[in-house]
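Undergrad:
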Amino acid sequence: MTVKPIEIFIDADACPVKDEIYKVAQRYGLKTWVVSNAFIMIPRSSMIERVIVDAGPDVADDWIAEHVAPGDVAVTNDIPLAERVLTAGGHAVAPNGKPFTENSIGAAIAQRALMEQLRSTGDIMGGPKPFDRNDRSRFLQALDEIIQKERRRRG
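The structure is reproduced here in structure tokens:
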């Protein structure tokens, strides 16, 4: 029985680490899907494919959730999408390098709901801290670890 190769799915509209993903994917020879609501430049490679979905909430998320398979990797900041990827047997990691896991997704969903509530009442203004070099470094390490772990699991 042949095992389907690992694929990477990028929730690309606001992803700050696309270039890093392309480099890691090339190193491992992994097919990469760049999913967005608008045209995004991608490197010329038969291993990188652009998918432009209709505009609208969760349309890119829905495409990724429908195509991700066990062992695949999704890069997203979207917590509900990360949960759907985990449910499908995939791996999910945020651009800052924080992996979403079966053990952490429940707390992430609860925190997201709390933050939405606080923002809606005006108790909290603004968003997350600015993305920096340390986030980029943590992301590269996390993505590499996820791929290595999945490759070992597959034998």
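Just so you know, we're using the numbering used here here: the sequence shown kicks off at 15 and counts up by one.
Built from N, CA and C at the ideal position, the CB exists for glycine as well.
Nothing here was measured: the structure is a model prediction, and the numbers come from that model.
1) Is it the case that the Cβ atoms of Ala-108 and Leu-100 are separated by a distance below 7 Å?
2) Grouping DSSP H, G and I as helix and E and B as strand, with all else coil, what is Ile-20?
3) Quick one: any contact between the stretch 63-76 and the stretch 87-99, if contact means 3 or more CB pairs under 8 Å?
4) Would you list the residues sitting across from Thr-101 in a DSSP beta bridge?
5) Residue ranges of each alpha helix (DSSP H) run of no fewer than 4 residues wholly in the stretch 19-83, ordered along the chain?
6) Locate the alpha helix (DSSP H) running through Ala-156, then write down its first and last residues.
7) Tell me which residues share the same chain as Arg-167 and place their Cβ nearer than 8 Å to its Cβ, disregarding the 5 neighbours each side in the sequence.
8) Just mark Glu-21 as buried or exposed, buried being the case when its beta carbon has 16 or more other beta carbons within 10 Å.
9) According to DSSP, what are the bridge partners of Pro-94?
10) Go through its chain and collect everything with a Cβ distance to Phe-53's Cβ below 7 Å, but skip five positions before and after it.
11) Taking the C-alpha atoms as reference points, what is the distance between Val-38 and Glu-97?
12) For Ile-119 and Arg-58, what's the separation of their Cα atoms in angstroms?
13) From what residue to what residue does the beta strand (DSSP E) around Ala-88 run?
TA: Let me lay it out:
1) Taking 7 Å as the Cβ cut-off, Ala-108 and Leu-100 do not qualify as a contacting pair.
2) Three-state result, Ile-20: coil.
3) By the Cβ rule, the stretch 63-76 counts as touching the stretch 87-99, because three or more pairs are nearer than 8 Å.
4) Paired residues: none, contrary to the question.
5) For the stretch 19-83, whole alpha helix (DSSP H) runs of length 4 or above, ordered along the chain, are 32-42 and 73-81.
6) Taken as a continuous stretch (DSSP letters only), the alpha helix (DSSP H) holding Ala-156 covers 147-168.
7) In chain order, Gly-85 place their CB closer than 8 Å to the CB of Arg-167, counting only its own chain and leaving out the 5 sequence neighbours on each side.
8) Within 10 angstroms of the beta-carbon of Glu-21 lie 16 or more other beta-carbons, which makes it buried.
9) In the DSSP output, where bridge partners are listed per residue, Pro-94 has none listed.
10) Hits under 7 Å: Ile-66.
11) Straight-line Cα distance between these residues: approximately 23 Å.
12) When rounded, the separation of the alpha-carbon atoms in Ile-119 and Arg-58 is 35 Å.
13) Annotation for Ala-88: the continuous beta strand (DSSP E) segment containing it runs 87-89.
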